[in-house]
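*Asks:* A single structure is presented below for examination.
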Amino acid sequence: MGEPVGEASDHPVDDDAAHPSGRPLEGTAVLVGPRPATRYGARLLELLGARIEPDDSIDGLACGDAPPVGAGVAARHETADWAESGAMALTGEPDGPPLVAPGAPATAARGAALAIQALTSALTSTRSSARSSTMPAASTVAVDGGRLLGEHAAILGLRRRGDVSPGGTCRLIPARDGVLAVNLARPDDADSVGAWLEVDVGDDPWAAVVATCPDRPGTELSERAQLLGIPVALVPRPDDVADDEQSRVRHERSPVEPWRITHRFTGAKPREPGLVVDLSSMWAGPLCSHLLGLAGLRVVKVESHTRPDGARRGPAPFYDLLHSGHRSVAFDLADRADLERLGSLLGSADVVVESSRPRALDQLGLGPDAVLSRSPATVWVSITGYGRGGPWRNRVAFGDDAAASAGLIARGKNGRPVFCGDAIADPLTGLHGALAALAMYDGGHGGLVDVPLHDVVASTLRDSPNRPGESPAANRSGGVWTVDANGEPTTVHEPLARRATGPAAASGADTDEVLSELVC
């Protein structure tokens with residue numbers, strides 16, 4: 031499982047344009063308490079332009095005049111956030127203890143969710159007194175971001191599997207000079223193994239991967255795989271986290287940030303209720319749109335007649351969870367009339383969320399440059415593996431290999447690398463993308479929000495100590511796993527999922543209605 035996101039544009043994002051002087055939350059005051067998740071959420075709001083005021087007397091995060099949020103949710107230590115998220119139970123050998131992840135991925139997830147809650151709480155308070163009787167109210171979004179990390183695993187019944195991802199498609203494979211994360215998530219990936227390794231694969235592509243990779247340089251193998259469109263990444267050594275060539279190009283002026291924002295327009299009054307056109311699939315993009323929907327925006331899911339969202343083939347409860355209440359339209363992308371209708375729909379959007387290969391959208395005349403030139407007040411959220419600029423802009427990534435490429439790998443006995451959680455880059459990216467989109471939309475800003483899976487994960491590792499040896503492990507007592515969180519024993523929770531509010535619409539069920547309503 032994971033977000034299959036791929037090629038970005040051939041042209042790097044202009045560095046000056048990506049750091050404009052105006053920020054969507056400029057002038058907004060935020061009070062922040064002492065807990066790690068609230069501090070992380072405040073840092074995200076600060077990146078979006080808010081003014082942060084530490085206040086140890088509050089147990090949460092307060093945006094503007096709204097009351098603080100987060101009391102009773104955020105833990106006192108990053109390890110406790112990880113243990114409570116359900117992702118720790120997915121990390122480690124199947125017959126061994128759950129392991130602590132490097133950095134603070136669950137704290138980051140909780141912090142991003144708390145920032146969304148604080149922002150939507152302030153907006154709800156502001157709009158309630160100003161809106162007309164016919165205008166829908168904004169909604170405060172209150173979810174436990176840490177728990178979102180384990181929802182997919184909870185629904186599918188996944189468990190920790192060591193150097194095999196919980197979903198089973200990605201494996202950590204030794205190479206001559208390191209470790210590779212190899213993801214054969216699609217039939218085409220498995221079919222391309224012979225061409226990648228230049229060997230006779232036979233009936234078992236994994237056997238060829240395991241036999242061949244240890245004798246070859248990892249950098250060469252990852253680069254060759256990416257040329258063939260296979261999601262393969264070299265896992266950085268602890269000292270090299272966030273120091274790869276992509277991070278150096280994209281973040282040479284600052285530490286790794288989870289997004290890059292290029293403003294195109296400032297000063298629009300947000301339409302009520304806002305319209306989200308969701309072109310994405312699988313997990314990260316749909317989660318972003320789901321959170322925007324919880325905030326009160328209308329969401330329209332767009333699919334191709336011939337290539338519907340692959341998540342529809344999975345368990346219905348997971349798809350329903352992310353798409354319940356959204357309308358669904360489907361188009362024939364080989365039909366010129368349908369392309370014109372899709373273009374008109376995108377022109378009506380306040381927010382566009384997509385995770386497709388930009389070349390494909392550009393070839394259709396429906397990429398962000400084309401749409402934003404016509405509708406500059408639109409917020410375009412682009413979810414890719416490695417970002418729309420830099421030397422890795424054309425690389426393909428899924429949630430498991432993208433997280434590994436950023437360095438989010440735990441270490442078992444003798445330093446053996448194991449996966450952290452289940453496609454963890456996907457929910458982390460969905461949360462961060464939704465926060466940036468909300469800040470842009472409600473601040474009246476239009477432009478491109480570039481949210482790479484790799485960068486989001488790398489930003490959660492920025493203050494992580496190097497861990498070349500074994501990761502801290504849980505201890506079992508009385509049938510329960512517990513872990514030391516700064517002197518406080520904390521139970522390691524199993525993954526838990528929310529329940530969908532209802533079934534998702536069938537693909538294309540609302541096409542005629544949506545087009546007659548929104549497209550002239």
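Here the sequence shown is numbered in my numbering, starting from 31 and rising by one per residue. Beta carbons are placed, not taken as given, at the ideal position from N, Cα and C, and that holds for glycine.
1. If you scan the segment 262–322 from start to end, which runs of the beta strand (DSSP E) of 3 or more residues do you find wholly inside it?
2. Which residues mark the beginning and the end of the alpha helix (DSSP H) in which S435 is found?
3. Looking only at its own chain, which residues have a Cβ that is under 6 Å from the Cβ of L372, when we skip the five neighbours before and after it?
4. Buried or exposed for L188, please, with buried defined as at least 16 other CB atoms from any protein chain shown within 10 angstroms of its CB.
5. Does D207 come out as helix, strand or coil in the three-state DSSP assignment?
6. To which residues of the same chain is H356 closer than 6 Å at the C-beta, ignoring the five residues directly before and after it?
7. Using 8 Å for Cβ pairs, my map puts L465 next to A72. What's the rounded Cβ distance?
8. With a CB to CB cut of under 6 Å and the five nearest residues on each side skipped, what residues in its chain are close to V60?
9. Should L468 be labelled buried (16 or more other beta-carbon atoms within 10 Å of its own) or exposed?
10. Which residue's Cα is closest to the Cα of V99: I260, A145 and L78?
11. Go to L479, then tell me how far its beta strand (DSSP E) extends in each direction, as first and last residue.
12. Applying the criterion that 16 or more other CB atoms from any shown protein chain within 10 Å of the CB defines a buried residue, is L396 buried or exposed?
13. Hey, out of K443, L77 and P347, whose CA is closest to G57's CA?
14. Using the Cα positions of A535 and S354, report the straight-line distance between them to the nearest angstrom.
15. Assess, as a yes-or-no matter, whether the segment 254–268 is touched by the segment 402–409 under the definition of 3 or more beta carbon pairs within less than 8 Å.
16. With distance defined between alpha-carbon atoms, name the residue in P303, V409 and A432 nearest to G415.
17. With distance defined between alpha-carbon atoms, name the residue in P338, L179, I454 and T292 nearest to V479.
18. So the beta strand (DSSP E) D514 belongs to, where does it begin and stop?
19. Quick one: what's got a C-beta closer than 8 Å to P338's C-beta in the same chain, skipping five residues either side?
20. Between the segment 183–199 and the segment 130–141, do three or more beta carbon pairs fall short of 8 Å?
21. Buried or exposed: R14, going by 16 or more other Cβ atoms within 10 Å of its Cβ?
22. Assuming contact is defined by CB atoms lying nearer than 8 Å, are G176 and D111 in contact in what I supplied?
23. What is the rounded straight-line gap between the Cα of G126 and the Cα of T531?
24. If you draw a straight line from the C-alpha of E302 to the C-alpha of G477, how long is it?
25. Thinking just about the alpha-carbon of each residue, which of V382, V381 and P398 is nearest to the one in R389?
26. Identify whether A563 lies in helix, strand or coil by the three-state DSSP scheme.
27. Helix, strand or coil: which one does DSSP assign to P135?
28. Taking C-alpha atoms, which residue in P345, T109, D485 and D85 lies nearest to P64?
29. What first and last residue would you give for the alpha helix (DSSP H) that runs through A539?
30. Suppose the cutoff is 7 Å on Cβ atoms and the five residues either side in sequence are ignored; what does the same chain contact list for P447 look like?
31. So P525 packs on A183, CB below 8 Å; how close in whole Å?
*Replies:* With the given structure in hand:
1. If only uninterrupted beta strand (DSSP E) runs of at least 3 residues are considered, those enclosed by the segment 262–322 are 262–265, 290–296 and 305–308.
2. Looking at the DSSP string, the run of the alpha helix (DSSP H) that includes S435 is G429 to A436.
3. So the qualifying residues of the chain are F361.
4. Taking all protein chains shown into account, L188 has 16 or more neighbouring C-beta atoms within 10 Å of its C-beta and is therefore buried.
5. Looking at D207 - three-state DSSP - the assignment turns out to be coil, as it is neither helix nor strand.
6. Here the set comprises V329 and K331.
7. Contact between L465 and A72 does not hold, since their C-beta atoms are separated by about 12 Å, which reaches or exceeds 8 Å.
8. Cβ within range, chain order: A72, L75, A80, I82 and C93.
9. L468 is buried by the Cβ-count criterion.
10. Taking only the C-alpha atoms, the option nearest V99 is A145.
11. Just to set this straight, residue 479 is Val in the shown sequence, not Leu. According to the DSSP assignment, V479 belongs to the beta strand (DSSP E) that extends over H475 to P482.
12. Around the beta-carbon of L396, 16 or more other beta-carbon atoms lie within 10 Å, marking it buried.
13. Closest by alpha carbon: L77.
14. Approximately 7 Å between the Cα atoms of the pair.
15. Short answer: they don't touch.
16. Out of P303, V409 and A432, A432 has the C-alpha closest to the C-alpha of G415.
17. Looking from the CA of V479, the closest CA among P338, L179, I454 and T292 belongs to T292.
18. V510 to A515 is the span of the beta strand (DSSP E), which, as asked, contains D514.
19. Sequence-distant Cβ neighbours of P338 in its own chain, meaning closer than 8 Å and more than five residues away, are A360 and S537.
20. In this structure the segment 183–199 does not lie against the segment 130–141, because fewer than three pairs of beta carbons, one per stretch, are closer than 8 Å.
21. As shown, the chain starts at 31 and ends at 550. That puts residue 14 outside it, with no answer to give.
22. For G176 and D111, yes; Cβs fall inside 8 Å.
23. Rounded to the nearest angstrom, the two C-alpha atoms are 36 Å apart.
24. When rounded, the distance between both Cα atoms is 19 Å.
25. Looking at V382, V381 and P398, the one whose alpha-carbon comes closest to that of R389 is P398.
26. No answer is possible for residue 563: the residues shown for the chain start at 31 and end at 550.
27. P135: helix per DSSP, three-state reduction.
28. Taking each of P345, T109, D485 and D85 in turn and checking the Cα distance to P64, the smallest one comes out for D85.
29. According to the DSSP assignment, A539 belongs to no alpha helix (DSSP H), since it is labelled neither H nor E.
30. Taking P447 as the centre and dropping the five residues before and after it, the same chain places the C-beta of D193, L202, V209, V265, I439 and R441 closer than 7 Å to its C-beta, in chain order.
31. The Cβ separation is near 4 Å, so the contact holds.
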